[in-house]
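Taking it in order: structure first as structure tokens, then the write-up.
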Amino acid sequence: MKFTQEQHLRYLRHIMLPEVGEEGQAKIAKAKVFIVGAGGLGSPAGYYLTAAGVGTIAIIDNDNVDLSNLQRQIAHSVKTLGKPKVESAKNTFESLNPDVNIIAIKERLTKNNILDLIGDYDAVVDCSDNFATRFLVNDACIMKKRPLITGAIFQFEGQLTAVIPGEGPCYRCLFEEPPPPDALPAPSEAGLLGIIPGVIGTLQASEVLKLIIGIGSILKGELLIYNALKSSFRKVKVPKNPHCPVCSENPTITELIDYS
Amino acid sequence: MAVKVRIPTPLQKLTDGKDEVEGEPGTIISLINFLNSKYPGMGERITEGGKVRKFVNIYINDEDIRFLKNEETEVKDGDEVSIVPAIAGG
Numbered sequence: 001m002k003f004t005q006e007q008h009l010r011y012l013r014h015i016m017l018p019e020v021g022e023e024g025q026a027k028i029a030k031a032k033v034f035i036v037g038a039g040g041l042g043s044p045a046g047y048y049l050t051a052a053g054v055g056t057i058a059i060i061d062n063d064n065v066d067l068s069n070l071q072r073q074i075a076h077s078v079k080t081l082g083k084p085k086v087e088s089a090k091n092t093f094e095s096l097n098p099d100v101n102i103i104a105i106k107e108r109l110t111k112n113n114i115l116d117l118i119g120d121y122d123a124v125v126d127c128s129d130n131f132a133t134r135f136l137v138n139d140a141c142i143m144k145k146r147p148l149i150t151g152a153i154f155q156f157e158g159q160l161t162a163v164i165p166g167e168g169p170c171y172r173c174l175f176e177e178p179p180p181p182d183a184l185p186a187p188s189e190a191g192l193l194g195i196i197p198g199v200i201g202t203l204q205a206s207e208v209l210k211l212i213i214g215i216g217s218i219l220k221g222e223l224l225i226y227n228a229l230k231s232s233f234r235k236v237k238v239p240k241n242p243h244c245p246v247c248s249e250n251p252t253i254t255e256l257i258d259y260s
Numbered sequence: 001m002a003v004k005v006r007i008p009t010p011l012q013k014l015t016d017g018k019d020e021v022e023g024e025p026g027t028i029i030s031l032i033n034f035l036n037s038k039y040p041g042m043g044e045r046i047t048e049g050g051k052v053r054k055f056v057n058i059y060i061n062d063e064d065i066r067f068l069k070n071e072e073t074e075v076k077d078g079d080e081v082s083i084v085p086a087i088a089g090g
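Those protein sequence lines, which keep their order, are chains A and B.
If you count by the numbering used here, then the first sequence holds residues 1 to 260, one letter each, in order.
If you count by the numbering used here, then the second sequence holds residues 1 to 90, one letter each, in order.
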């Protein structure tokens, strides 16, 4: 693909990296990424992927912008209070980079629509805020063989891992089942340092870009844990569970489950 | 030297906000019992019927105990044990 002079200038800092170059930038421009959630994680993930020039970004969320979101959800503003989050994010992203085709989907992701929705995308980024969606997204990505970059946050901590179907472990290899309701405090009742999603969502975008360009090592088989109070990043191993109910050779889960 | 146990944010209410506490060598299950005696309520948050709950992982250094000897995995002096529950915020 040929970049215009303007595009060449816009992506120059990428293009001058030998690991990226025009070829890598062309891969980014052709890529299609599906983001689940337009909140704390989806804002920076979508914003940076837009800045990077990803060809198509779909973003799904069923909520509207609330004042209590603005402490961390940087895709939104006082101008979009009360409006659908996906519309607000689309406006923000398009004003940063009109090259990018932003598809705003104001719907709830369910077991009935997810397989069709993610089918055309090169990667899925889980920026959702509940366990039901996280397990649904993982299982659907395994069934559709779509790479998944999943991030989650709580108070002063964040977690991040990559699921590459057929190659590494999945989210269910890491955590087999969602906790029963009320087993853990809900994020909305527990508080959250506003920069936590900034760190984790940005790292999710970084994993997506590496995956698209084909450089570096992806967080496959590893869980990265960030703690803001200790300013620490550490990794633990995530082995593939040979008896995983969804990604093993003999899965016991062959249909999507609605945990909500 | 003792065993260093990393307490995740959601359980720090039980440890007066401490993110690291000391434990005794032994098995994982004896360590959890020890923690529960010092920090009542910890046991039931991590285990159910003597088994680690399915949304909680325990790592010795950076190895997941499910791929070692699970609850019977030995913890030695100087080991670092991390308790990592699934989190869902976004």
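Note that beta-carbon positions come from the ideal geometry of N, C-alpha and C, so glycine has one too.
Task: Short Cβ contact (9 Å threshold) for Pro25/B with Asp79/B - done: By one-based count along the second sequence, residue 25/B stands at place 25. By one-based count along the second sequence, residue 79/B stands at place 79. In contact: Pro25/B and Asp79/B (Cβ atoms closer than 9 Å).
Open item on the list: If we define contact as Cβ-Cβ less than 9 Å, is Glu63/B a contact residue for chain A?
Closed with: As a working mapping, residue 63/B is identified with position 63 in the second sequence. The C-beta of Glu63/B comes closer than 9 Å to at least one C-beta of chain A.
Task: For Asn91/A, three-class secondary structure by DSSP - done: Here the question's residue 91/A lines up with position 91 in the first sequence. Three-state result, Asn91/A: helix.
Task: Reference Val236/A, options Asn33/B, Asp62/B and Lys4/B, closest by Cα - done: Here residue 236/A refers to the residue found at position 236 of the first sequence. Ranking Asn33/B, Asp62/B and Lys4/B by Cα distance to Val236/A puts Asp62/B first.
- [ ] Below 7 Å CB to CB, which residues in the same chain sit around Asn97/A once its five sequence neighbours on both sides are set aside?
- [x] As a working mapping, residue 97/A is identified with position 97 in the first sequence. Taken in chain order, the residues that qualify are Thr50, Ala51 and Gly53.
- [ ] Indicate whether Tyr259/A and Gln159/A have their beta-carbon atoms separated by less than 9 Å.
- [x] Here residue 259/A corresponds to residue number 259 of the first sequence, with the count starting at 1. Here residue 159/A corresponds to residue number 159 of the first sequence, with the count starting at 1. Against a cut-off of 9 Å, the Cβ pair of Gln159/A and Tyr259/A comes out as no contact.
Open item on the list: Can you tell me which residues form a DSSP beta bridge with Gly26/B?
Closed with: Residue numbering aside, residue 26/B sits at position 26 when the second sequence is read from its first letter. Beta-bridge analysis with DSSP links Gly26/B to Val75/B.
Task: N-terminal and C-terminal residue of the beta strand (DSSP E) that Gly198/A is part of - done: Taking the first sequence and counting its residues from 1, one reaches residue 198/A at position 198. No beta strand (DSSP E) holds Gly198/A; the alpha helix (DSSP H) holding it covers Ile195 to Ile213.
Open item on the list: Using beta carbons (cut-off 9 Å, strictly below), is Asp122/A in contact with chain B?
Closed with: If you number the first sequence from 1, residue 122/A lands on position 122. Among the CB atoms of chain B, none fall inside 9 Å of the CB of Asp122/A.
- [ ] Report the option in Val86/A, Ile215/A and Ala89/A whose CA atom is closest to the CA atom of Lys27/A.
- [x] If you number the first sequence from 1, residue 27/A lands on position 27. That would be Ile215/A, whose Cα lies nearest to the Cα of Lys27/A.
TODO: Could you please give me the residues that DSSP links to Pro18/A through a beta bridge?
DONE: As a first step, residue 18/A must be located in the first sequence, where it is residue number 18. Its beta-bridge partners do not exist; DSSP assigns none.
Task: Three-state class that DSSP yields for Asp64/B in the structure shown - done: Translated into positions along the second sequence, residue 64/B becomes position 64. DSSP places Asp64/B in strand when its eight states are reduced to three.
Task: Proximity below 9 Å, CB of Gln73/A to CB of Val65/A - done: The residue you call residue 73/A lines up with position 73 of the first sequence. The residue you call residue 65/A lines up with position 65 of the first sequence. Yes, these two residues count as a Cβ contact at 9 Å.
Task: Nearest to Val36/A (by Cα), restricted to the options Leu184/A, Ile57/A and Pro180/A - done: The residue you call residue 36/A lines up with position 36 of the first sequence. When each option's Cα is compared against that of Val36/A, the closest is Ile57/A.
- [ ] Could you check which residue in Lys210/A, Leu209/A, Lys240/A and Asn112/A has the C-alpha nearest to that of Leu223/A?
- [x] The residue you call residue 223/A lines up with position 223 of the first sequence. That would be Lys240/A, whose Cα lies nearest to the Cα of Leu223/A.
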